[in-house]
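Heads up: the structure comes next, in structure tokens.
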Amino acid sequence: MPNNKKRKIDDFKNKIKRKMRKLERMLDISNSESDSSKSEDSVSSSSDESQDSTQAVINTNMADTIENSLENILGSHPDEETTKGPEIAVDLAKRWESVLSSRLDKDVRQKLMDKWQAPQNCQGLNAPKLNPEVQSIISATDAKKDKFLQNIQDLMGKGITALVVAISLVLPQRETVSPEATQAMVDAGKLLTDMFHTISNHRKYQINNNFNVNVQKISHQQKIDKYLF
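full-length UniProt numbering applies: residue 1 is where the sequence shown begins, and numbers increase by one.
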């Protein structure tokens with residue numbers, strides 16, 4: 001595989017060298033014609049300008065070819081791969097950017113945590129607890145790591161709860177509410193609940209290292225509910 005990549009790079013270099021030699025010959029011809037045209041009349045001068053324009057186009061095309069060849073080998077620039085969505089309300093963007101960079105005020109966060117309790121028929125939005133029997137056999141460090149992730153899940157669960165309450169209010173009125181708005185909220189719920197589940201799986205993965213192979217197989221089969229295992 002490395003040899004194939006090296007061969008491709010060498011072929012590319014040779015290709016560029018050939019094109020550069022061709023470009024140099026074209027530039028030499030253009031310069032020669034430009035020197036001889038100094039003694040000609042205005043018609044000849046116009047012809048030189050046309051040649052210069054043609055050469056400029058050739059140079060531009062050559063540069064584009066080189067850039068495209070490099071992109072084929074190296075891949076597109078990372079910054080160009082980022083796709084941006086539509087702008088949101090300015091005031092909302094300012095506030096969320098502030099939270100994203102500096103987090104919520106502690107008191108505000110606690111009030112929101114107390115306000116949004118998991119729905120009675122969707123208790124899975126509460127972060128799963130670590131089984132007491134498991135906690136008794138893992139190290140204090142592992143227990144601390146798991147608690148940190150559990151706290152993140154708790155916070156996420158509150159956010160999903162607020163979102164699902166909004167969706168539940170909108171669904172009965174969906175004929176009068178923008179379909180795009182309803183779909184956006186539902187999509188957000190799907191992504192966030194999937195992330196919630198991913199964190200649960202990661203918590204199990206971290207703790208599984210404390211078990212022997214047989215116990216690990218059993219733990220993988222255990223469905224996550226109120227408890228992690």
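Just so it is clear, CB atoms sit at the ideal spot from N, CA and C, and this is done for glycine as well.
Once DSSP output is grouped into helix, strand and coil, what is the label at residue i?
i, result
"residue 129", "strand"
Taking only the alpha-carbon atoms, compute the straight-line gap between residue i and residue j and give it to the nearest angstrom.
i, j, result
"residue 195", "residue 72", "34 Å"
"residue 182", "residue 171", "8 Å"
"residue 117", "residue 219", "29 Å"
"residue 102", "residue 93", "14 Å"
"residue 122", "residue 229", "19 Å"
"residue 207", "residue 149", "12 Å"
"residue 243", "residue 14", "Within the shown structure, residues of the chain are numbered from 1 to 229, placing residue 243 beyond reach of any answer."
"residue 169", "residue 177", "11 Å"
"residue 138", "residue 131", "11 Å"
"residue 236", "residue 10", "Examination of residue 236 is not possible in this model, given that the chain is present from 1 through 229 alone."
"residue 37", "residue 18", "Note that residue 37 scores a pLDDT of 49, beneath 50, so its modelled location is shaky and nothing firm can be said."
"residue 180", "residue 16", "50 Å"
"residue 223", "residue 100", "33 Å"
"residue 119", "residue 225", "15 Å"
"residue 234", "residue 175", "Any question about residue 234 goes unanswered here, given that the chain covers just 1 to 229."
So, under 8 Å CB-CB, residue i and residue j are touching, yes? Tell me the CB distance rounded to an integer number of Å.
i, j, result
"residue 167", "residue 156", "The Cβ separation is near 16 Å, so there is no contact."
"residue 227", "residue 129", "5 Å"
"residue 159", "residue 192", "7 Å"
"residue 142", "residue 212", "With a Cβ gap of about 16 Å, residue 142 and residue 212 do not count as contacting."
"residue 109", "residue 146", "Wrong, their Cβ atoms sit about 21 Å apart, outside the cutoff."
"residue 163", "residue 127", "About 16 Å separates the two Cβ atoms, so there is no contact after all."
"residue 161", "residue 125", "5 Å"
Original post:
If you pair each beta-carbon of the region 143-161 with each one of the region 101-117, do three or more pairs fall below 8 Å?
Top reply: With a cut-off of 8 Å, the region 101-117 and the region 143-161 count as touching, because enough Cβ pairs lie within range.
Subject >> Length at least 3, wholly inside the region 96-171: the beta strand (DSSP E) runs in chain order >> reply: none
**OP:** Output the residue ranges of the alpha helix (DSSP H) runs that lie fully inside the region 172-226 and measure 4 residues or longer, sorted by chain position.
**Re:** 179-208 and 213-221
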